[in-house]
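Protein chains: 2
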Amino acid sequence: MSGILYGVGLGPGDPELMTLRAHRLIAAAKVVAYPALAGGASFARSIAADVIAKGATEIVMDVPMTVERAPAQAAYDLGAAQISEALERGDDVVCLCEGDPFFYGSFMYLFARLSGRFETQIVPGVTSITTCAAAARMPLAARNERLTVLPGPLPEAELRARIEGAESVAIMKVGRHLAKIRGVIEGLGLMGRAVYVERASLPEEVVCPLAEAPENAPYFSMILLTKGADPWL
Amino acid sequence: MSGILYGVGLGPGDPELMTLRAHRLIAAAKVVAYPALAGGASFARSIAADVIAKGATEIVMDVPMTVERAPAQAAYDLGAAQISEALERGDDVVCLCEGDPFFYGSFMYLFARLSGRFETQIVPGVTSITTCAAAARMPLAARNERLTVLPGPLPEAELRARIEGAESVAIMKVGRHLAKIRGVIEGLGLMGRAVYVERASLPEEVVCPLAEAPENAPYFSMILLTKGADPWL
Numbered sequence: 001m002s003g004i005l006y007g008v009g010l011g012p013g014d015p016e017l018m019t020l021r022a023h024r025l026i027a028a029a030k031v032v033a034y035p036a037l038a039g040g041a042s043f044a045r046s047i048a049a050d051v052i053a054k055g056a057t058e059i060v061m062d063v064p065m066t067v068e069r070a071p072a073q074a075a076y077d078l079g080a081a082q083i084s085e086a087l088e089r090g091d092d093v094v095c096l097c098e099g100d101p102f103f104y105g106s107f108m109y110l111f112a113r114l115s116g117r118f119e120t121q122i123v124p125g126v127t128s129i130t131t132c133a134a135a136a137r138m139p140l141a142a143r144n145e146r147l148t149v150l151p152g153p154l155p156e157a158e159l160r161a162r163i164e165g166a167e168s169v170a171i172m173k174v175g176r177h178l179a180k181i182r183g184v185i186e187g188l189g190l191m192g193r194a195v196y197v198e199r200a201s202l203p204e205e206v207v208c209p210l211a212e213a214p215e216n217a218p219y220f221s222m223i224l225l226t227k228g229a230d231p232w233l
Numbered sequence: 001m002s003g004i005l006y007g008v009g010l011g012p013g014d015p016e017l018m019t020l021r022a023h024r025l026i027a028a029a030k031v032v033a034y035p036a037l038a039g040g041a042s043f044a045r046s047i048a049a050d051v052i053a054k055g056a057t058e059i060v061m062d063v064p065m066t067v068e069r070a071p072a073q074a075a076y077d078l079g080a081a082q083i084s085e086a087l088e089r090g091d092d093v094v095c096l097c098e099g100d101p102f103f104y105g106s107f108m109y110l111f112a113r114l115s116g117r118f119e120t121q122i123v124p125g126v127t128s129i130t131t132c133a134a135a136a137r138m139p140l141a142a143r144n145e146r147l148t149v150l151p152g153p154l155p156e157a158e159l160r161a162r163i164e165g166a167e168s169v170a171i172m173k174v175g176r177h178l179a180k181i182r183g184v185i186e187g188l189g190l191m192g193r194a195v196y197v198e199r200a201s202l203p204e205e206v207v208c209p210l211a212e213a214p215e216n217a218p219y220f221s222m223i224l225l226t227k228g229a230d231p232w233l
C-alpha cells in the first residue's frame, strides 16, 4: 500500500505559529520534503528544524529563482519523482510549506504532479497576511469590507488600478518592487494609511509606516493599507 | 502590575488547527473571554473546550446578531469592562477568537476599547479561506494572481462588479445570501468554476460544486472561485 502525501503549512516563520496537526505530522514523519533556494538554505526547513525526527530522510528540492518557469518546474519534476519513490514503498511523505500550502505556495506544483496517483492531504497554515496584520496591530478587514491581495511584481498601472478600487489591501512579495509600489501609493495620496512589515513573527521583524521603510526590502515583506473609516468603532 | 490581554486566533474549527502558541496560552489562562450568540453557544469556546484549564474564570460576551450595531457594541462595552477588571487585578486574559483575530474578527472591538490601556498581544490563526481551499483541493492563488475576499452581504451589483474584475475570489459569510450570490455567478457564466464549502475542517464539512449547494447555507460557509488558467501547471 502506498503512503500518504501531506502538504503541511508551517505558518509565517515563528515555529510556535505552527498548528498542532503540523507539529504531530512532522514529528512522526520518516520522510520530509521541502524546497530550498538552489544551493542555499530552506526557510521551510528552518521553521520545522526542531520538530523533524532524528534520522528522518530529507528530500530537498533545489529550486532556482529565475523569471522563466522551466528551471523551477524541472526541480519539482525531480522532487516529485523522489517523493513518488518514497510513497510507493509505503512511507508517508510530509512536505514542509512556508505559510499555507495553497496560498501562493509551491506545494501546488507537487499537488499537480502527485495527487492523481497518491492520497494527498492538505493541512492549512497561518498566512503571512494575518501575521503582518497582528504585527502592525491593524485589523485587516471588518464587517462587510473587501480585502484585496496583490502580488508586488504586478505592473505599475495594474497595481494603481487595483489599489484605487480596493478597500483593504495586502501587497505581498514586495522585495525589489518596493520603490514602484511606494510610488503608486504616494500617487494615490495613501502614504499615511500604509504600513510596511518585514519578516513578520521572526526575531528580526520590522514594522513601520511605509514612508519609513528601508530602501532594500527582502522578499518576505508586505505592505498593508486600509482605506475605510476607522474599522474599530 | 496589570495583566496582558491576548487576542488568540483558534483557527477554523478543528481543534488540531490551533497553533502551538494558542494552545499554550489557553492552557495556562486563569481567565478566558469569548463571544457567544446571545443566549446560545459559543463556537470559539467549543474549539478550545478541551484546552481551557479546569477552574478558569470565563467571561462570556452575549452578542446579539442584529443588523443595527448598537446592541452588539453594548455587549462589547460590557465585556471590555469585565476584562478590564481582571487585567487590573493582574490576571492575563486570553480572548478566544474563531479563525484569526484581525480577519473579520470581533476581537477588534475589544482591541479598540482596551489596547490603549493594557498591553495587548495578537496571536494570528488559520483562516477559513485557506482551510476551505484545502478542503476543496483548490489552490487559492498562485504566482502573481490577485485574490479578492468579498463578504456575501454586499449588494448584488457590487458583488457582480467585484467578481467581474477579480481573478481568484473567496466569498465569505455566505449564509442567507446564497441565492443572490449564485445568481451573480450564474449571470457571469462562472458556475463551472465555483465551489461551495460549509463548516470547513469540522466533522460536518460539506464541499461541492456551487451548482449542487444546499438551499440553506449556514453563516460559516464560503464560495471559492478561480478564473485563471489551471494554476497548477
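The listed protein sequences derive, respectively, from chains A and B. Quick note: the first sequence uses full-length UniProt numbering, first residue 1, plus one each step. Quick note: the second sequence uses full-length UniProt numbering, first residue 1, plus one each step. Backbone N, C-alpha and C define an ideal beta-carbon position, used for all residues, glycine too.
Check the C-beta distance from residue i over to residue j and give it rounded, since I have them as a contact under 8 Å.
i	j	result
A:Ala49	A:Ala27	At roughly 12 Å, the Cβ-Cβ gap does not stay under 8 Å, so A:Ala49 and A:Ala27 are not in contact.
A:Gly189	A:Leu10	That pair is no contact at about 38 Å.
B:Gly3	B:Gly90	5 Å
A:Val60	A:Ser84	In fact, because the Cβ distance is near 16 Å, the residues do not count as touching under 8 Å.
residue 255 of chain A	A:Asp62	Residue numbering for chain A in the displayed model covers 1 to 233; residue 255 of chain A lies beyond these limits and cannot be assessed.
Where residue i and residue j are concerned, what is the direct C-alpha to C-alpha distance, given to the nearest angstrom?
i	j	result
A:Glu145	A:Pro139	11 Å
A:Thr127	B:Val93	25 Å
B:Pro218	B:Gly152	12 Å
B:Arg160	B:Glu215	21 Å
B:Pro64	B:Phe118	26 Å
B:Tyr196	B:His177	13 Å
A:Gly175	A:Thr131	18 Å
A:Pro231	A:Phe107	Confidence is the limiting factor: at A:Pro231 the pLDDT is only 43, short of 50, which leaves the residue's position unreliable and the question unanswerable from this model.
B:Lys173	B:Ala211	18 Å
B:Tyr104	A:Leu147	10 Å
A:Arg193	A:Ile185	9 Å
A:Gly13	B:Leu110	27 Å
A:Glu156	A:Val149	15 Å
B:Ile129	B:Pro209	16 Å
B:Leu87	B:Leu5	7 Å
B:Phe220	B:Phe102	17 Å
A:His23	A:Gly39	27 Å
B:Ala72	B:Gln82	16 Å
B:Ala213	A:Glu58	42 Å
B:Val206	B:Glu164	26 Å
A:Glu158	B:Met1	51 Å
B:Ala56	B:Ser115	23 Å
residue 287 of chain A	B:Asp77	Given a span of 1 to 233 for chain A in the structure shown, any question on residue 287 of chain A remains unanswerable.
B:Glu204	A:Met191	45 Å
Under a Cβ-count criterion, where at least 16 other Cβ atoms within 10 Å of its own Cβ denotes burial, should residue i be classed as buried or exposed?
i	result
A:Arg162	buried
A:Arg182	buried
A:Arg45	buried
A:Arg113	buried
A:Arg120	It is Thr, not Arg, that sits at residue 120 of chain A in the sequence shown. The residue is buried, with at least 16 neighbouring Cβ atoms inside 10 Å.
A:Val67	exposed
B:Gly7	buried
A:Leu29	Per the sequence shown, the amino acid found at residue 29 of chain A is Ala instead of Leu. The residue in question, A:Ala29, is buried, as its Cβ has 16 or more Cβ neighbours within 10 Å.
B:Ala142	buried
A:Ala70	exposed
A:Leu233	In this prediction, A:Leu233 scores a pLDDT of 39, lower than 50, which makes its location untrustworthy; the coordinate-derived value is nonetheless stated afterwards. It is exposed - the Cβ of A:Leu233 has fewer than 16 other Cβ atoms within 10 Å.
Are there three or more Cβ pairs, one per stretch, closer than 8 Å when the segment 12-21 of chain B is compared with the segment 5-18 of chain A? yes
At least three beta-carbon pairs within less than 8 Å, the segment 87-102 of chain A to the segment 29-42 of chain A: yes
Would you check if the segment 157-173 of chain A and the segment 214-226 of chain A touch, i.e. whether three or more CB-CB distances between them fall below 8 Å? yes
In chain order, each alpha helix (DSSP H) run of at least 4 residues that lies wholly inside the segment 54-136 of chain B: Here the runs fully enclosed are 70-88, 107-114 and 128-136.
Spell out a yes or no on whether the segment 119-135 of chain A and the segment 191-205 of chain A are touching, meaning 3 or more CB-CB pairs, one atom from each, closer than 8 Å. yes
Run through the segment 25-59 of chain A for me and flag every whole beta strand (DSSP E) of 3 or more residues, listed as ranges in chain order. Segments of the beta strand (DSSP E) lying fully in the segment 25-59 of chain A: 31-37.
In chain order, which beta strand (DSSP E) runs of at least 3 residues are fully inside the segment 141-179 of chain B? 147-151 and 168-172
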